[in-house]
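K.L.:
Numbering (the working numbering), first residue to last: 7 to 160. First, the structure itself, so that you have it in front of you.
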């Protein structure tokens, strides 16, 4: 455990976006909760927009399903601007559970934009169609829809 934790701490100082995928693989596969906690702290402290692309890829990777909500949470903890991935994020909310919706809502509320009005209208329509499919997520999806409507008005 100590060796892995030391490596994670080194990555804080000298790592680049190429380490994101391997570090997430370690998160998913390592048995130690202490190591997992250090990796999550590392992901929450990412401070480079270059980390966005591999983080989005990791969220999309079904092998990381157990950590999807944590990875989505890392987007806003790290203040990464995922505005260009709005559709992807909304799709994650629609197909996810309550916690996924909550994490996506938090990310979406903090997006900077600008946003394409056509994309916003399509996502609002999609949310309107899908929000009643799962009673567990209806309220959260309605909140995401409301945020998108506010983006459309801005």
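All residues carry an ideal CB built from backbone N, CA and C; glycine is no exception.
Just verifying my parser: in three-state terms, what is the DSSP assignment at residue 47?
P.N.:
Residue 47 falls in the helix class under three-state DSSP.
K.L.:
Let me know the secondary structure DSSP gives residue 139 once reduced to three states.
P.N.:
It is coil, neither helix nor strand.
K.L.:
Just to confirm, does residue 49 get its C-beta within under 8 Å of one of the non-hydrogen atoms of the ligand FMN?
P.N.:
Questions concerning the ligand FMN fall outside what the structure shown contains, since it holds no ligand whatsoever.
K.L.:
Quick check: what's the CA-CA separation for residue 84 versus residue 23?
P.N.:
Rounded to whole angstroms, residue 84 to residue 23 spans 13 Å at the Cα level.
K.L.:
What is the DSSP secondary structure of residue 36, reduced to helix, strand or coil?
P.N.:
Correct three-state label for residue 36: coil.
K.L.:
Nearest CA to the CA of residue 132: which residue from 142, 93, 30 and 159?
P.N.:
That would be 93, whose Cα lies nearest to the Cα of residue 132.
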